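A short worksheet on the structure shown next.
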Amino acid sequence: MFEALTQIGLPIALILIMAGVGLGLTPADFWRVFREPRAFLLGAFCQFLLLPLIALGVIALTGLQGELAIGLFILALCPGGTTSNLYSLLARADVGLSVSLTAVIGFITPITIPLLAVWAIEFYGDGRAQFELPIAKTWLQLMIITVVPVVIGMLIRGRWERFALKMEPFITRFSALVLLLLIISISVNLGSRIIDFAIQAGPAAVLLNLTTMALGYFAGKALLHREAQARAISLEVGLQNGTLALLITTGILQSAEMSVAPSIYSLVMFISATLFTLWVLRQDRRRRFRGATQA
Numbered sequence: 011m012f013e014a015l016t017q018i019g020l021p022i023a024l025i026l027i028m029a030g031v032g033l034g035l036t037p038a039d040f041w042r043v044f045r046e047p048r049a050f051l052l053g054a055f056c057q058f059l060l061l062p063l064i065a066l067g068v069i070a071l072t073g074l075q076g077e078l079a080i081g082l083f084i085l086a087l088c089p090g091g092t093t094s095n096l097y098s099l100l101a102r103a104d105v106g107l108s109v110s111l112t113a114v115i116g117f118i119t120p121i122t123i124p125l126l127a128v129w130a131i132e133f134y135g136d137g138r139a140q141f142e143l144p145i146a147k148t149w150l151q152l153m154i155i156t157v158v159p160v161v162i163g164m165l166i167r168g169r170w171e172r173f174a175l176k177m178e179p180f181i182t183r184f185s186a187l188v189l190l191l192l193i194i195s196i197s198v199n200l201g202s203r204i205i206d207f208a209i210q211a212g213p214a215a216v217l218l219n220l221t222t223m224a225l226g227y228f229a230g231k232a233l234l235h236r237e238a239q240a241r242a243i244s245l246e247v248g249l250q251n252g253t254l255a256l257l258i259t260t261g262i263l264q265s266a267e268m269s270v271a272p273s274i275y276s277l278v279m280f281i282s283a284t285l286f287t288l289w290v291l292r293q294d295r296r297r298r299f300r301g302a303t304q305a
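Residue numbering for the sequence shown follows the numbering used here, beginning at 11 and increasing consecutively.
Right under this line is the structure:
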């Protein structure tokens with residue numbers, strides 16, 4: 011059952027999810043990168059460099075080893091997804107910046123993930139279990155499962171915009187449901203070991219999430235001086251595509267242990283993003299109240 015879910019169900023589900031990402035994109039989302047390059051470059055820097063570096067630091071700090079460390083690092087290599095765009099809307103962030111980062115980074119990560127994941131397997135692997143990640147084959151798989159559906163989704167959006175806008179919210183809910191089913195399946199497959207693994211990987215996943223969200227937000231505030239863009243970068247860096255991470259750890263590498271950290275992170279990120287959204291909206295209300303009293 012677990013093998014059928016990860017080998018067949020997960021790729022199909024991720025194809026549908028990525029097509030949903032494409033339904034929310036237009037060519038303007040890519041051109042926005044050139045119109046406001048500073049915000050995009052800062053977000054890309056946080057996603058491509060800051061996030062993996064912090065993951066390495068967290069792994070060293072918490073003493074995470076073996077497959078648990080590999081899983082957390084692979085999660086840090088994954089792009090944001092539709093969830094970051096949704097929370098950017100709720101948090102009154104720069105939704106355009108969020109969508110642009112999701113779109114462009116989503117096209118690049120199928121190239122970077124196999125290369126860096128192979129390094130992580132060699133660096134953190136304890137030698138007791140052998141995992142193979144053929145770079146060319148993995149790249150082709152990720153391109154077919156992630157990039158091609160996005161392009162198809164964009165073509166549908168361009169041809170049938172009303173249909174695309176109507177379907178987009180359903181795809182977002184579907185992605186959350188798939189992620190939840192995967193986490194439950196992984197937990198069942200690991201049995202009693204899930205508690206020990208969760209105790210080991212949980213603090214690292216929480217620390218990675220909170221640290222990256224905080225650094226993304228304050229970097230945006232300090233360098234861009236625009237609250238909406240700082241919020242978007244924070245959410246984009248903190249909300250990773252957990253479904254893609256689980257495709258790699260369970261579907262390609264076939265390791266339930268590697269999937270523990272991405273699973274915990276995927277649960278934690280919804281909590282932290284919700285609390286962050288409530289906090290920034292409260293800040294907005296306070297600013298409006300102060301403005302009204304001073305008027």
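Glycine included, C-beta positions come from ideal geometry on N, C-alpha and C. Model, not experiment: these values are computed from the prediction.
| Query | Result |
| --- | --- |
| State the Cα-Cα distance for the pair residue 37 and residue 102, rounded to the nearest angstrom. | 22 Å |
| With a Cβ-Cβ cutoff of 8 Å, do residue 223 and residue 188 count as a contact? | no |
| Which ranges would you report for the alpha helix (DSSP H) in the stretch 182-249 if only whole runs of at least 4 residues count? | 203-234, 237-248 |
| Taking all protein chains shown into account, do 16 or more other C-beta atoms lie within 10 angstroms of the C-beta of residue 279, making it buried, or fewer, making it exposed? | buried |
| Check whether the stretch 236-256 touches the stretch 171-181, counting contact only when three or more Cβ pairs, one atom from each stretch, lie closer than 8 Å. | no |
| Under DSSP, the alpha helix (DSSP H) around residue 169 begins and ends at which residues? | 158-169 |
| With which residues is residue 90 paired in a DSSP beta bridge? | 250 |
| For the candidate residues 290, 45, 284, whose alpha-carbon lies nearest to that of residue 237? | 290 |
| On the three-state DSSP scale, how would you describe residue 263? | coil |
| Using only the alpha-carbon positions, how far apart do residue 78 and residue 262 sit? | 16 Å |
| Between which two residues does the alpha helix (DSSP H) harbouring residue 125 extend? | 105-134 |
| Are the stretch 65-72 and the stretch 214-221 touching, with three or more C-beta to C-beta distances below 8 Å? | yes |
| Whole angstroms is fine: what's the gap from residue 256's alpha carbon to residue 299's? | 44 Å |
| Please state if the CB of residue 90 and the CB of residue 190 are separated by a distance shorter than 8 Å. | no |
| Once the 5 residues before and after residue 48 are set aside, which same chain residues still bring their CB inside 6 Å of it? | none |
| Beta-carbon within less than 6 Å of residue 104's beta-carbon, same chain only, minus the 5 sequence neighbours each way: which residues are those? | 238, 239, 242 |
| Using 7 Å as the cut-off, classify the Cβ of residue 66 as near or not near the heavy atoms of the ligand ZN, replying yes or no. | In the structure on display, the ligand ZN does not appear, and there are no ligands present to speak of. |
| What does the alpha-carbon distance come out to for the pair residue 61 and residue 166? | 33 Å |
| Look at residue 28 and residue 112 and say whether their C-beta atoms are less than 8 Å apart. | no |
| Please check the pair residue 81 and residue 163, which I expect to be a contact at CB under 8 Å, by giving their CB distance rounded to whole angstroms. | No, residue 81 and residue 163 are not in contact; Cβ-Cβ is about 28 Å, not under 8 Å. |
| Please state if the CB of residue 130 and the CB of residue 207 are separated by a distance shorter than 8 Å. | no |
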